[in-house]
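Heads up, the thing below is written out as structure tokens.
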């Protein structure tokens, strides 16, 4: 049995704290030094300036910088040829033997001429593709040429047996005229001419429907001749007026006029104006036709490598 205590419990006394000294105890600890200045962490992720992007190594068939050339020739059996080339027909060529110069006579007959002409730049491959940016330039870069001054012709050729060809002729400087030839047996050809282009273009294909003119080029060109296998059009520097009379045939094929010859047996030909028409809009082929062209190009390259390997083995056996 628990008996409650009637008397209340007395509260316990808490000892009093000593008086606080306003001055406080002397500080015997040394102050901490200031933190060191911030430095970025070592490594590529903490560097203040990111490293420059890596550039693709330059090769003879794929130069990264523009090349000024004359009497220039590139040939490859299987590799693609790309680059930017500024062709100057009057550029001195030390050690050049004119007797070994590749010349053309048959092609000039297509333009009503039988004389030989020099080739200032030649790009050839058997199974690879060709993609070039081209310009006809002069060393002194004249702003204008006096009327009646004869222009210097710049001859460029590009040919591939199985590959596709894309040529962007982005400039023809004053005092120069272009003579461009592109030929592919199985591949398609895309040619972009500059807005100052003035002269005829000849397309030789298996079917007349294989030639496509992009919008800007079509607006400033007119057809001179069209057959099942050959089409000739004339292009003016600006959109021609419908009332303007056509130029005489002799003036169309004159020595000072620009001219282009594109020839393919199984591919297509697409022509446009550089900087205005887009090369991406060129209907080279979609779906099964595009795959078929790539297969033919790849198959031709593989067949050529197979023939070379068999020839090496035969030489070893005979040796």
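Residue numbers (UniProt numbering): 1 to 319.
Positions of the beta carbon are idealized from the N, C-alpha and C atoms, including for glycine.
query                                                                                      : result
Spatial distance of residue 190 from residue 172 (CA atoms)                                : 18 Å
Three or more C-beta pairs below 8 Å linking the segment 171–185 and the segment 255–266   : yes
Status (buried if at least 16 other CB within 10 Å, exposed otherwise) for residue 139     : exposed
Beta carbon of residue 325 nearer than 8 Å to that of residue 275                          : Lying before the first or after the last residue shown, residue 325 is absent from the chain, which here runs from 1 to 319.
Nearest residue (CA-CA) to residue 134, options 69, 159, 238, 146                          : 69
Where residue 313 falls, given that 16 or more other Cβ within 10 Å makes a residue buried : exposed
Alpha-carbon spacing of residue 61 relative to residue 148, whole angstroms                : 39 Å
Residue closest to residue 73, alpha-carbon to alpha-carbon, out of 123, 129, 213, 159     : 123
6 Å CB neighbourhood of residue 159 in its chain, flanking five on each side removed       : 124, 183
Sheet register partners of residue 81 (DSSP bridge)                                        : 130
Length of the line joining the Cα atoms of residue 188 and residue 163                     : 8 Å
Nearest residue (CA-CA) to residue 264, options 232, 254, 165, 174                         : 165
Residue 203 versus residue 318 - alpha carbon distance                                     : 47 Å
CB of residue 127 within 8 Å of CB of residue 89, strictly                                 : no
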